[in-house]
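**Student:** Input: one structure, supplied below.
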Amino acid sequence: MILVADLNFKKDSLGFYEFVSPIVAIVEELGECVVRHYLEVKQEDLSNCSKIILSGTALKDNVTLNQTDKFEWIKDCGKPILGICAGMQTLGVVFGARLEKCLEIGMVQVTTLMANPLFSSSFKAYALHNYSIQPSLEFDVLADSAKCVQAIKHKHKDIYGVLFHPEVRNKEIIQRFIRAL
Amino acid sequence: MRIGVLFSGGKDSTLALHKAAEKEEVACLITLVSKNKESFMFHTPNIDVTTLQAEALGLPLVQKVTEGKPEEEVKDLEEAIAQAVKAYKIEGVVSGAVESVYQSERIQRVCSRLGVWCFNPLWKRNQKALLEEIVAKGFKVIISGVFAYPLDSIWLGKEVNTELIGKLLRLEKEFGLSPSGEGGEIETTVLDAPLFKKKIEILDYEVDAKGNSGVFRIKQARLTAK
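From first to last, the protein sequence lines are chains A and B.
Here the first sequence stands for residues 80 to 260, numbered as in the numbering used here.
Here the second sequence stands for residues 4 to 229, numbered as in the numbering used here.
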């Protein structure tokens, strides 16, 4: 069971179709999926799932960045996590990352800097963000673009973040997260 | 949140409008009338019908003519959205983009520059499911343009129903045709939908087709009671 956490500014928002549904469609091709809005994630959900994906949000939606106290469970839930866009920003900030202004919209060239199970080499990916992060020392930077950090991994936990949206043109990254870890 | 819907009068933007109306307040429609038949952004055969559709929906229409030159048409879009922000106090824009990064990234950039929200409620939607939702919701949609082999004039004016979806899915298997016309293979015009207070009746039309390219052009239409 994969838990997809909806990070949109409110439950059942207009952003759900765009930022959650495409992830759910990819997950459901491989197995079971449960969706919870981030304000409604319960201990039971964390216990029952094998992995967690944190969704992205609309470009103007930075609500979770001011509510990182709602994501303290990320630190000790013990499950592999993949944060996408706002999901990466949010989990990064939970671990002490610094937000940096970085506007990218559209296809960007992503360069892999460190070998990892999710992607390799250089590839194009769909970006839609106002911010990137400078992660804390607990994280490795796995990839960047010409402008900013594009992917991170916790040094000792299976906690990954990608700033680009793999559900748009790189769905194999989500599939590898589900299958490989 | 007050929303302006980018509206071409086809199935995708009309379905996006319905999804927006379920979640937020739709304040107006925004239509770009492109003079360029090759435009990747805005061209559609019956764009003039958007005036009647807006009336059927009871929504104001912000309409702007564009020459349809690449990138200049994006500036025209920005002006139209800015006009909608000013006139109807919209805070967000909804588009019917499904797969096209070309379209969606341009709309996202415009919205970012103007400081308004941007939503694409059909984004990455399965095309078969999208067509089936349109039929299930009771949309009356006709094919108003065909632009790819093996489609021809026989398809023009046909209503999108379960049988027609089945035919399109067979063409997808056989020829790789995008069943909902994501590659520009098909254009559609919506004559009725749940939010329409009246439906559109076609009084006069012409078919202009040659080989695998053609349009069903509505020359005269009116609103009638549902």
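All residues carry an ideal CB built from backbone N, CA and C; glycine is no exception.
(1) Mind listing the chain A neighbours of alanine 26/B? Cutoff is C-beta to C-beta under 8 Å, in chain order.
(2) Which whole-angstrom value describes the C-beta separation of lysine 158/A and serine 129/A, a residue pair presumed to lie in contact below a C-beta threshold of 8 Å?
(3) Residues of chain A with CB under 7 Å from glutamine 111/B, in chain order?
(4) Hey, does cysteine 31/B have any beta-carbon neighbour from chain A nearer than 8 Å?
(5) Do leucine 182/A and asparagine 209/A come within 8 Å of each other at the CB atom, strictly closer than that value?
(6) Take proline 124/B as the anchor and find which of Lys201/B, Ser11/B, Pro73/B and Glu25/B has the nearest alpha-carbon.
(7) Does the beta-carbon of glutamine 223/B have 16 or more other beta-carbons within 10 angstroms, so that it is buried, or is it exposed?
(8) For aspartate 207/B, which option in Gly214/B, Leu180/B and Arg220/B has the closest C-alpha, if you only look at C-alpha atoms?
(9) Is it true that the CB of phenylalanine 202/A sits closer than 8 Å to the CB of valine 189/A?
(10) Please name the residue or residues paired with isoleucine 50/B in a DSSP beta bridge.
(11) Name, going along the chain, the residues of the stretch 110 to 135 of chain B whose beta-carbon falls closer than 9 Å to a beta-carbon of chain A.
(12) Which of helix, strand or coil does DSSP assign to lysine 1/B?
(13) Within the 8 Å Cβ cut-off, does glutamate 97/A reach chain B?
(14) What span of residues does the alpha helix (DSSP H) with aspartate 211/B cover, start to end?
(15) Among the candidates Ala222/A, Met80/A, Val173/A and Lys154/A, whose CA atom is the shortest distance from the CA of glutamate 107/A?
(16) Measuring CA to CA, which of Gly179/B, Val88/B, Leu80/B and Glu94/B is closest to serine 107/B?
(17) Please report the straight-line C-alpha distance between isoleucine 205/B and glycine 13/B, rounded to a whole angstrom.
(18) Which residues in chain B sit within 9 Å of proline 101/A, going by Cβ to Cβ distance?
(19) My guess is that serine 216/B and phenylalanine 150/B are in contact by the Cβ rule of under 8 Å, so how many angstroms apart are they, rounded?
(20) Mark methionine 167/A as exposed unless 16 or more other C-beta atoms lie within 10 angstroms of its C-beta, in which case mark it buried.
(21) Is there at least one Cβ from chain B nearer than 8 Å to valine 241/A's Cβ?
(22) Counting beta carbon pairs with one atom in the stretch 190 to 204 of chain B and one in the stretch 15 to 22 of chain B, are three or more of them shorter than 8 Å?
(23) Just the Cα atoms here: how many angstroms apart are histidine 235/A and aspartate 140/A?
(24) From which residue to which residue does the alpha helix (DSSP H) around alanine 139/B run?
(25) Just checking: is the beta-carbon of alanine 59/B within a distance shorter than 8 Å of some beta-carbon in chain A?
(26) Which residues bound the beta strand (DSSP E) around asparagine 209/A?
(27) Go ahead and label asparagine 249/A buried or exposed: buried means 16 or more other beta carbons lie within 10 angstroms of its beta carbon, across all protein chains shown.
(28) Please work out which residues of its chain come closer than 6 Å, Cβ to Cβ, to asparagine 39/B, disregarding the five sequence neighbours upstream and downstream, and give them in chain order.
(29) Tell me the DSSP bridge mates of leucine 133/A?
(30) Report the partner residues of glutamine 223/B according to the DSSP bridge assignment.
(31) State buried or exposed for asparagine 49/B, treating a residue as buried only when at least 16 other CB atoms are found within 10 Å of its CB.
**Tutor:** Reading it off the structure:
(1) One-based indexing of the second sequence puts residue 26/B at position 23. Reading off the sequence shown, one finds lysine at residue 26/B, where the question assumed alanine. Per Cβ cutoff of 8 Å: Asp91, Ser92 and Leu93.
(2) Counting from 1 along the first sequence, the entry for residue 158/A is found at position 79. Counting from 1 along the first sequence, the entry for residue 129/A is found at position 50. Contact between lysine 158/A and serine 129/A is confirmed by a C-beta separation of about 7 Å, below the 8 Å threshold.
(3) Here the question's residue 111/B lines up with position 108 in the second sequence. Chain A residues near glutamine 111/B: Leu138, Ile184 and Leu207.
(4) Looking up residue 31/B in the second sequence gives position 28. It does not; no Cβ of chain A falls within 8 Å.
(5) The residue labelled residue 209/A in the question sits at position 130 within the first sequence. The residue labelled residue 182/A in the question sits at position 103 within the first sequence. Contact flag set, yes.
(6) Start at 1 with the first residue of the second sequence, and residue 124/B comes out as number 121. Nearest C-alpha to proline 124/B: Glu25/B.
(7) Within the second sequence, the letter at position 220 stands for residue 223/B. That one is exposed.
(8) Taking the second sequence and counting its residues from 1, one reaches residue 207/B at position 204. Taking only the C-alpha atoms, the option nearest aspartate 207/B is Arg220/B.
(9) Here residue 189/A refers to the residue found at position 110 of the first sequence. Here residue 202/A refers to the residue found at position 123 of the first sequence. Taking 8 Å as the Cβ cut-off, valine 189/A and phenylalanine 202/A qualify as a contacting pair.
(10) In the second sequence, the residue the question calls residue 50/B occupies position 47. DSSP output for isoleucine 50/B lists no bridge partner at all.
(11) Hits within the stretch, in order: Gln111, Arg112, Cys114, Ser115, Gly118, Val119, Trp120, Cys121, Phe122, Asn123, Pro124, Leu125, Trp126, Lys127, Arg128 and Asn129.
(12) Lying before the first or after the last residue shown, residue 1/B is absent from chain B, which here runs from 4 to 229.
(13) For this step, residue 97/A is matched to residue 18 along the first sequence. So, interface residue.
(14) If you number the second sequence from 1, residue 211/B lands on position 208. Per DSSP, aspartate 211/B belongs to no alpha helix (DSSP H); it is in the beta strand (DSSP E), 201 to 213.
(15) Looking up residue 107/A in the first sequence gives position 28. The candidate whose alpha carbon is nearest that of glutamate 107/A is Met80/A.
(16) For this step, residue 107/B is matched to residue 104 along the second sequence. Measuring from the Cα of serine 107/B, the nearest candidate turns out to be Leu80/B.
(17) Here residue 205/B refers to the residue found at position 202 when the second sequence is read from its first residue. Here residue 13/B refers to the residue found at position 10 when the second sequence is read from its first residue. Distance between the alpha carbons of isoleucine 205/B and glycine 13/B is about 15 Å.
(18) Within the first sequence, the letter at position 22 stands for residue 101/A. Those are Trp126, Lys127 and Arg128, listed as they occur along chain B.
(19) Start at 1 with the first residue of the second sequence, and residue 216/B comes out as number 213. Start at 1 with the first residue of the second sequence, and residue 150/B comes out as number 147. Distance from serine 216/B to phenylalanine 150/B at the Cβ level is roughly 5 Å; contact confirmed, criterion being Cβ atoms closer than 8 Å.
(20) Here residue 167/A corresponds to residue number 88 of the first sequence, with the count starting at 1. Classification of methionine 167/A: buried, given that the 10 Å Cβ count is 16 or more.
(21) Looking up residue 241/A in the first sequence gives position 162. Not one chain B Cβ lies under 8 Å of valine 241/A.
(22) yes
(23) Residue 235/A sits at position 156 when you count from the first residue of the first sequence. Residue 140/A sits at position 61 when you count from the first residue of the first sequence. C-alpha separation (whole angstroms): 30 Å.
(24) For the purposes of this step, residue 139/B is identified with residue 136 of the second sequence, where counting begins at 1. Run containing alanine 139/B: 130 to 139, per the alpha helix (DSSP H) assignment.
(25) Your numbering for residue 59/B matches position 56 in the second sequence. So no, alanine 59/B is outside the interface.
(26) Counting from one through the first sequence, the residue named residue 209/A turns up at place 130. Note, asparagine 209/A: beta strand (DSSP E), 201 to 213.
(27) Residue numbering aside, residue 249/A sits at position 170 when the first sequence is read from its first letter. By the 10 Å Cβ count, asparagine 249/A comes out buried.
(28) Residue mapping note: residue 39/B aligns to position 36 of the second sequence, counting from 1. Excluding residues within five positions, the ones whose Cβ falls inside 6 Å are Gly71.
(29) The count along the first sequence starts at 1 and reaches residue 133/A at position 54. Beta-bridge pairing links leucine 133/A to Ala84/A and Gly162/A.
(30) Counting from one through the second sequence, the residue named residue 223/B turns up at place 220. Among the bridge pairs identified by DSSP, glutamine 223/B is matched with Asp207/B.
(31) For the purposes of this step, residue 49/B is identified with residue 46 of the second sequence, where counting begins at 1. Per the 10 Å Cβ criterion, buried.
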